[in-house]
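A.B. asks:
2 protein chains.
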Amino acid sequence: MEEIKFQELFDLLENNHFAKMKAILSEMNEVDVAEFLQELETEKLLLIYRILPKDLAADVFPYLETENQQAIVEGYTDKELRVLIDDLFLDDTVDFLEEVPANVVRRVLANTDAETRSTINRFLQYPDNSAGSIMTNEMVELHDNLTVNQAIENIRKTGVDKETIYTCYCIDPSRHLIGILPLKSLILADGNTCVRDIMDDVDQVISVKTHTDQEEVAALAKKYDLLTIPVVDNENRLVGIITIDDIVDIIEEENTEDFEKMALVHPSESEYLKTGVFKLAKNRILWLLILMISGTFTGQLIDKFQGMLSLVVGLTASIPMLMDTGGNSGGQTATLIIRGLALGDITVKDYFKVLWKEIRVAAICGSILAVVNLGRLFIFGHADAKVYLVTCGAMFCAVVFAKTIGCTLPILAKLCKLDPALMAGPMITTIVDAVTLMIYFGLASVFLLHN
Amino acid sequence: MEEIKFQELFDLLENNHFAKMKAILSEMNEVDVAEFLQELETEKLLLIYRILPKDLAADVFPYLETENQQAIVEGYTDKELRVLIDDLFLDDTVDFLEEVPANVVRRVLANTDAETRSTINRFLQYPDNSAGSIMTNEMVELHDNLTVNQAIENIRKTGVDKETIYTCYCIDPSRHLIGILPLKSLILADGNTCVRDIMDDVDQVISVKTHTDQEEVAALAKKYDLLTIPVVDNENRLVGIITIDDIVDIIEEENTEDFEKMALVHPSESEYLKTGVFKLAKNRILWLLILMISGTFTGQLIDKFQGMLSLVVGLTASIPMLMDTGGNSGGQTATLIIRGLALGDITVKDYFKVLWKEIRVAAICGSILAVVNLGRLFIFGHADAKVYLVTCGAMFCAVVFAKTIGCTLPILAKLCKLDPALMAGPMITTIVDAVTLMIYFGLASVFLLHN
Numbered sequence: 003m004e005e006i007k008f009q010e011l012f013d014l015l016e017n018n019h020f021a022k023m024k025a026i027l028s029e030m031n032e033v034d035v036a037e038f039l040q041e042l043e044t045e046k047l048l049l050i051y052r053i054l055p056k057d058l059a060a061d062v063f064p065y066l067e068t069e070n071q072q073a074i075v076e077g078y079t080d081k082e083l084r085v086l087i088d089d090l091f092l093d094d095t096v097d098f099l100e101e102v103p104a105n106v107v108r109r110v111l112a113n114t115d116a117e118t119r120s121t122i123n124r125f126l127q128y129p130d131n132s133a134g135s136i137m138t139n140e141m142v143e144l145h146d147n148l149t150v151n152q153a154i155e156n157i158r159k160t161g162v163d164k165e166t167i168y169t170c171y172c173i174d175p176s177r178h179l180i181g182i183l184p185l186k187s188l189i190l191a192d193g194n195t196c197v198r199d200i201m202d203d204v205d206q207v208i209s210v211k212t213h214t215d216q217e218e219v220a221a222l223a224k225k226y227d228l229l230t231i232p233v234v235d236n237e238n239r240l241v242g243i244i245t246i247d248d249i250v251d252i253i254e255e256e257n258t259e260d261f262e263k264m265a266l267v268h269p270s271e272s273e274y275l276k277t278g279v280f281k282l283a284k285n286r287i288l289w290l291l292i293l294m295i296s297g298t299f300t301g302q303l304i305d306k307f308q309g310m311l312s313l314v315v316g317l318t319a320s321i322p323m324l325m326d327t328g329g330n331s332g333g334q335t336a337t338l339i340i341r342g343l344a345l346g347d348i349t350v351k352d353y354f355k356v357l358w359k360e361i362r363v364a365a366i367c368g369s370i371l372a373v374v375n376l377g378r379l380f381i382f383g384h385a386d387a388k389v390y391l392v393t394c395g396a397m398f399c400a401v402v403f404a405k406t407i408g409c410t411l412p413i414l415a416k417l418c419k420l421d422p423a424l425m426a427g428p429m430i431t432t433i434v435d436a437v438t439l440m441i442y443f444g445l446a447s448v449f450l451l452h453n
Numbered sequence: 003m004e005e006i007k008f009q010e011l012f013d014l015l016e017n018n019h020f021a022k023m024k025a026i027l028s029e030m031n032e033v034d035v036a037e038f039l040q041e042l043e044t045e046k047l048l049l050i051y052r053i054l055p056k057d058l059a060a061d062v063f064p065y066l067e068t069e070n071q072q073a074i075v076e077g078y079t080d081k082e083l084r085v086l087i088d089d090l091f092l093d094d095t096v097d098f099l100e101e102v103p104a105n106v107v108r109r110v111l112a113n114t115d116a117e118t119r120s121t122i123n124r125f126l127q128y129p130d131n132s133a134g135s136i137m138t139n140e141m142v143e144l145h146d147n148l149t150v151n152q153a154i155e156n157i158r159k160t161g162v163d164k165e166t167i168y169t170c171y172c173i174d175p176s177r178h179l180i181g182i183l184p185l186k187s188l189i190l191a192d193g194n195t196c197v198r199d200i201m202d203d204v205d206q207v208i209s210v211k212t213h214t215d216q217e218e219v220a221a222l223a224k225k226y227d228l229l230t231i232p233v234v235d236n237e238n239r240l241v242g243i244i245t246i247d248d249i250v251d252i253i254e255e256e257n258t259e260d261f262e263k264m265a266l267v268h269p270s271e272s273e274y275l276k277t278g279v280f281k282l283a284k285n286r287i288l289w290l291l292i293l294m295i296s297g298t299f300t301g302q303l304i305d306k307f308q309g310m311l312s313l314v315v316g317l318t319a320s321i322p323m324l325m326d327t328g329g330n331s332g333g334q335t336a337t338l339i340i341r342g343l344a345l346g347d348i349t350v351k352d353y354f355k356v357l358w359k360e361i362r363v364a365a366i367c368g369s370i371l372a373v374v375n376l377g378r379l380f381i382f383g384h385a386d387a388k389v390y391l392v393t394c395g396a397m398f399c400a401v402v403f404a405k406t407i408g409c410t411l412p413i414l415a416k417l418c419k420l421d422p423a424l425m426a427g428p429m430i431t432t433i434v435d436a437v438t439l440m441i442y443f444g445l446a447s448v449f450l451l452h453n
């Protein structure tokens, strides 16, 4: 459907039918308008953006890429800029300013009133990924001595500029958060009830500090099914709120970070297609180097046992399979444990429960793999039966060791306040490879050489 | 803080101070109450659950584990059960019924009125992971000829039983969805305006069908920053809504599924600690077997070149390092591409852009790795310089091949409507291993054997 609409818009643009375009765009969802605009060259984008109704323009702005936002701001007169900034929500303005060069920031700030400027400056100073850096200050604040009718009247007057009106925040004269009031309670209550009597008291309210990590904010929102979370300073004064749309973005950001770390890619905040080649290479090379160097240890092991390997037929051929199976077994376990830790399903306290579980799972998987492998070797192989038994014994040990290390390292990392996500497949593989070979060569030395 | 509160509650329970417990629990958040209850043995849990105020009990219920929910239902009289089911939201009841044995389902259904029973039965029939299976039918429905004041009056009367009142749905007499109306618009509008004039028309409304996959529902909610999504049947009649708290759960579920698939673990819907050992082993063994068998191909390669390996000193020792580095390089790329595809940042159309990017990244990473490795070999090695050059050449080729295959396979999978997540590290490693060895042995045969 969108495709068809986009095609129609392209045709209109081709023929300079701007009035018709404006009519269609005005009826579209702001997200789709942004998507359409991004398909245009910058010049055309600026042209079309200007014909959008003022409100829609402000709604579309946050959904544009930073470079397009910057182009718009740079093309705007000071007067147009003032109107735009005034219509944007504060968190979207701050998000934008965090990404653009200093001269653009200065120009935007020069076109805001003194109060907004000081708020933006304060918000810009909160550390990256902290609650302060993602919050907005456009929330409904109510004093607790109002009646329900007065509160609703208050919302009607001020609500249009608020990012959400569905949760109202009750504050005392010094702006301390003393309770929250979902709009639902307000609407359903009798008009003459006092706000104080129906609000949720502050000790029941989930709130975060400005410096709370965004990951923790997302975890609380998920746990308590919240639409918004209030942000308070150290004296419990309300300074902002974080809304669910931003929390959903954080959840996806944190997941992406975990995916990247688990593949030993240095996490990057920019989208793949927008990241330069050198940046992409830089994000990957460090871990590749570290793992390559540590991989040489495995090579030295093979070197050391070269004599035995050339002596016993059929020993070398199983090395890749043993290493792969060990790595894969460990990677499976590590992934499940890392994910369990991230979701809070598993805690450090559960270690022994997890270990015992993994050892049993490893025993089952290891036995099946060893038996299947034994069958395969007997059917297709052409070496001594003893070699096969050693291979399968090593296979079983490798799986048990891999799954043990695969559940231990992530939990150990968590215990040491390191990120468990680093202890995933590639890291586990490197360790398991070396140990698997040691087991293999050890078993081979004992059972194959002395006969 | 919770820990302290929990300790206090445990002490009170120990001393049978139920009145005091009830007072404390009544002031707590339902999620925390559920967390506390789960720490108790079933018998104690039932005891304490019964002393909760009726409303809180219904709020707590959805946050309990299925086995505890079942214990409560089994311990309840028919009368108590009727009250509980009546207070639960329909989607929570359906979630519960999807998990419990048929006799529990029958008993619950026997204690609901005919209309609810028929609705529940219909909802239970929607396929797993479809929009129909996660929706609720407790939404605010408005006719479009009401005035704003009438609509608010309507919400005040019926809102208490609705899962959300923040988005209202405008329907015609045959229940066709004709528009939606955020409560914010309703509150901010003049009381005598007609609902029809301020609602968002249906062609601007994002909705899904009952059979839409939940992954798609979550993607829409993320893209358009929605708090709820209406679900309609094939004739565009409103049948339910999906709320953001369920969407957040879906997002995490889908991410977990991707993590599992990428580690080649068969996705499971139950939490790790609650999954039995045999089930865990079953979820992992298939892929381990497949990869083990395909790993034998690599072994056969080594077997075939055994002669050369024993002839040329220093050749075997680099095999693990080459295989690891190839696997890791490919895994990094595959992870970034799979994630980009999942988030919609990358589409199949971007393939050649991605490929060209990855080839350049591979050239940079491959060169650095080869040079570092060369340096290491010259300093610590004791073989012929030609062997080192062949090793480093193979290293470079392996990285380029790995990154090529790492970006190609996930996009190819997407193109073939397969799940790209399967084409992650472990799968890539198996393919890259074999090819890396072929390159290595090929180069070695050409440059080392004929001298």
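Chains as they are written, first to last, in the working numbering: chain G, 3 to 453; chain V, 3 to 453.
For every residue, glycine included, the Cβ atom is placed at its ideal position computed from N, Cα and C.
Quick one: grab the DSSP three-state call for V/Ile348.
C.D. replies: Here the question's residue 348 of chain V lines up with position 346 in the second sequence. Coil.
A.B. asks: Is V/Thr349 buried or exposed, if buried means 16 or more other CB atoms sit within 10 Å of its CB?
C.D. replies: The residue labelled residue 349 of chain V in the question sits at position 347 within the second sequence. Exposed, because fewer than 16 other Cβ atoms sit within 10 Å of the Cβ of V/Thr349.
A.B. asks: Which residue's Cα is closest to the Cα of G/Ile246: V/Thr195, V/Tyr226, V/Asn236, V/Cys418?
C.D. replies: Against the first sequence, residue 246 of chain G aligns to sequence position 244. The residue with the shortest Cα to Cα distance from G/Ile246 is V/Tyr226.
A.B. asks: So is G/Lys355 in contact with chain V if we call contact Cβ pairs under 8 angstroms?
C.D. replies: Looking up residue 355 of chain G in the first sequence gives position 353. G/Lys355 counts as touching chain V.
A.B. asks: Under 8 angstroms by Cβ, that's how I've got G/Thr214 and G/Ser132 pegged, so tell me the actual separation to the nearest angstrom.
C.D. replies: In the first sequence, the residue the question calls residue 214 of chain G occupies position 212. In the first sequence, the residue the question calls residue 132 of chain G occupies position 130. Indeed, because the Cβ distance is near 7 angstroms, the residues count as touching under 8 angstroms.
A.B. asks: Thinking V/Thr438 and V/Gly328 are a contact (beta carbons under 8 angstroms), I'd like their distance in whole angstroms, please.
C.D. replies: Start at 1 with the first residue of the second sequence, and residue 438 of chain V comes out as number 436. Start at 1 with the first residue of the second sequence, and residue 328 of chain V comes out as number 326. With a Cβ gap of about 4 angstroms, V/Thr438 and V/Gly328 count as contacting.
A.B. asks: Checking contacts by CB at 8 angstroms: is V/Asp516 closer than that to chain G?
C.D. replies: Residue 516 of chain V lies beyond the residue range present for chain V, which begins at 3 and ends at 453; the question has no answer from this structure.
A.B. asks: Tell whether a beta-carbon distance below 8 angstroms holds between V/Asn330 and G/Leu411.
C.D. replies: Position 328 of the second sequence holds residue 330 of chain V. Position 409 of the first sequence holds residue 411 of chain G. For V/Asn330 and G/Leu411, no; Cβs fall outside 8 angstroms.
A.B. asks: Taking DSSP's pairing of strands, which residues face V/Cys196 in a bridge?
C.D. replies: Counting from one through the second sequence, the residue named residue 196 of chain V turns up at place 194. The partner list for V/Cys196 (beta bridge, DSSP) reads V/Thr149.
A.B. asks: Pick out whichever of V/Ile339, V/Lys416, V/Phe449 has its Cα sitting closest to the Cα of V/Gly427.
C.D. replies: Here residue 427 of chain V is taken as the residue at index 425 of the second sequence, counted from 1. Cα-wise, what sits closest to V/Gly427 is V/Ile339.
A.B. asks: Which word fits G/Ala104, buried or exposed, when buried means at least 16 other C-beta atoms lie within 10 angstroms of its C-beta?
C.D. replies: Mapped onto the first sequence, residue 104 of chain G falls at position 102. Looking at its Cβ environment, which holds fewer than 16 other Cβ atoms inside 10 Å, G/Ala104 is exposed.
A.B. asks: Got a sec? Which residues, its chain only, sit under 7 angstroms from V/Ala415 by beta carbon, not counting five neighbours each side?
C.D. replies: By one-based count along the second sequence, residue 415 of chain V stands at place 413. So the qualifying residues of the chain are Asp421, Pro422, Leu424, Met425.
A.B. asks: Using CA atoms only, rank isn't needed, just tell me which of G/Val373, G/Ser270, G/Lys355, G/Gln308 is closest to V/Ile287.
C.D. replies: Position 285 of the second sequence, counting from 1, holds the residue named residue 287 of chain V. Residue G/Val373 is the option with its Cα nearest to V/Ile287.
A.B. asks: Given this structure, state the Cα-to-Cα distance separating V/Asn31 from G/Glu360, to the nearest angstrom.
C.D. replies: In the second sequence, the residue the question calls residue 31 of chain V occupies position 29. In the first sequence, the residue the question calls residue 360 of chain G occupies position 358. Approximately 35 angstroms between the Cα atoms of the pair.
A.B. asks: Using a beta-carbon distance below 8 angstroms, is G/Phe261 in contact with chain V?
C.D. replies: What you label residue 261 of chain G is simply residue 259 of the first sequence in a count that begins at 1. With 8 angstroms as the cut-off, G/Phe261 counts as an interface residue toward chain V.
A.B. asks: Spatial neighbours of V/Ala344 within its chain, please: C-beta separation below 7 angstroms, excluding the five flanking residues on both sides.
C.D. replies: The sequence position of residue 344 of chain V within the second sequence is 342, counting from 1. Excluding sequence neighbours, V/Ala344 sits near Asp260.
A.B. asks: What does G/Asn31 reach in chain V if we use C-beta pairs closer than 8 angstroms?
C.D. replies: Sequence index remark: in the first sequence, residue 31 of chain G carries index 29 (1-based). By Cβ distance, chain V contributes Gln206, Ile208, Tyr226.
A.B. asks: Output yes or no for whether 8 angstroms exceeds the beta carbon distance between G/Gly332 and G/Thr212.
C.D. replies: Your numbering for residue 332 of chain G matches position 330 in the first sequence. Your numbering for residue 212 of chain G matches position 210 in the first sequence. Not closer than 8 angstroms, so no.
A.B. asks: G/Asn375 versus chain V: which residues are under 7 angstroms apart at the beta carbon?
C.D. replies: Locating residue 375 of chain G in the first sequence gives position 373, counting from the first residue. The contacting residues are Met294.
A.B. asks: For my contact list, V/Lys281 and V/Ser270 are in at a C-beta cut-off of 8 angstroms; report their separation, rounded to the angstrom.
C.D. replies: Within the second sequence, numbered from 1, the residue matching residue 281 of chain V stands at position 279. Within the second sequence, numbered from 1, the residue matching residue 270 of chain V stands at position 268. Right, the Cβ-Cβ distance comes to about 7 angstroms (below 8 angstroms), so this counts as a contact.
A.B. asks: Taking the C-alpha atoms as reference points, what is the distance between V/Arg378 and G/Leu291?
C.D. replies: Taking the second sequence and counting its residues from 1, one reaches residue 378 of chain V at position 376. Taking the first sequence and counting its residues from 1, one reaches residue 291 of chain G at position 289. So the alpha carbons of these two residues sit roughly 12 angstroms apart.
A.B. asks: Is it buried or exposed for G/Val96, if we count other Cβ within 10 angstroms and need 16 for buried?
C.D. replies: Along the first sequence, read from residue 1 onward, the residue named residue 96 of chain G stands at position 94. When all chains shown are included, G/Val96 counts as buried.
A.B. asks: Alpha carbon to alpha carbon, how far is G/Gln206 from G/Gln152?
C.D. replies: By 1-based counting over the first sequence, the position of residue 206 of chain G is 204. By 1-based counting over the first sequence, the position of residue 152 of chain G is 150. Roughly 24 angstroms separates the two Cα atoms.
A.B. asks: List the residues of chain G that V/Tyr442 touches, going by C-beta distances under 9 angstroms, in chain order.
C.D. replies: Indexing the second sequence from 1 puts residue 442 of chain V at position 440. Within 9 angstroms Cβ-Cβ: nothing; V/Tyr442 doesn't reach chain G, min ~12 angstroms.
A.B. asks: Looking at C-alpha atoms only, which residue of V/Arg158, V/Lys224, V/Val389 is the closest neighbour of V/Val315?
C.D. replies: The sequence position of residue 315 of chain V within the second sequence is 313, counting from 1. It is V/Val389.
A.B. asks: So what does DSSP say about G/Ile243, is it helix, strand or coil?
C.D. replies: The residue labelled residue 243 of chain G in the question sits at position 241 within the first sequence. Reduced to three states, the DSSP call for G/Ile243 is strand.
A.B. asks: So which of V/Arg119, V/Tyr274, V/Thr393, V/Cys409 has the shortest CA-CA distance to V/Thr337?
C.D. replies: Translated into positions along the second sequence, residue 337 of chain V becomes position 335. V/Thr337 has its Cα closest to that of V/Cys409, out of V/Arg119, V/Tyr274, V/Thr393, V/Cys409.
A.B. asks: What separation, rounded to the nearest whole angstrom, lies between the Cα atoms of G/Pro175 and G/Glu140?
C.D. replies: Here the question's residue 175 of chain G lines up with position 173 in the first sequence. Here the question's residue 140 of chain G lines up with position 138 in the first sequence. When rounded, the distance between both Cα atoms is 18 angstroms.
A.B. asks: I think G/Ile87 touches G/Val107, with their Cβ atoms under 8 angstroms apart; what is that distance to the nearest whole Å?
C.D. replies: Counting from one through the first sequence, the residue named residue 87 of chain G turns up at place 85. Counting from one through the first sequence, the residue named residue 107 of chain G turns up at place 105. Contact flag wrong, Cβ pair sits at about 12 angstroms.
A.B. asks: Just how far apart, CA to CA, sit G/Leu48 and G/Leu66?
C.D. replies: Position 46 of the first sequence holds residue 48 of chain G. Position 64 of the first sequence holds residue 66 of chain G. Whole-angstrom Cα-Cα distance: 12 angstroms.
A.B. asks: Scan the region 322–338 of chain G for residues whose Cβ lies nearer than 9 angstroms to a Cβ of chain V and list them as they occur along the chain.
C.D. replies: Residues Pro322, Met323, Leu324, Met325, Asp326, Thr327, Gly329, Asn330, Ser331, Gly333, Gln334, Thr335, Ala336, Thr337, Leu338.
A.B. asks: What are the partner residues of G/Met231, as DSSP defines its beta bridges?
C.D. replies: In the first sequence, counting from the first residue as 1, residue 231 of chain G sits at position 229. At residue 231 of chain G the sequence reads Ile, which differs from the Met that was named. Paired residues: G/Ile244.
A.B. asks: Could you name each continuous alpha helix (DSSP H) segment of 4 residues or more that falls completely within the region 72–98 of chain V, going from the start of the chain to the end?
C.D. replies: Listed in chain order, the complete alpha helix (DSSP H) runs (minimum 4 residues) inside the region 72–98 of chain V are 80–89.
A.B. asks: Can you give me the C-alpha to C-alpha distance between G/Glu155 and V/Leu190, rounded to a whole angstrom?
C.D. replies: Within the first sequence, numbered from 1, the residue matching residue 155 of chain G stands at position 153. Within the second sequence, numbered from 1, the residue matching residue 190 of chain V stands at position 188. Their Cα atoms are separated by approximately 9 angstroms.
A.B. asks: For G/Gly368, which residues of its own chain have a beta-carbon under 6 angstroms away from its beta-carbon, when the five flanking residues on both sides are left out?
C.D. replies: Walking along the first sequence from the start, residue 368 of chain G turns up at place 366. Here the set comprises Phe398, Val401, Val402.
A.B. asks: Helix, strand or coil: which one does DSSP assign to G/Asp215?
C.D. replies: Here residue 215 of chain G refers to the residue found at position 213 of the first sequence. Residue state, collapsed to three classes: strand.
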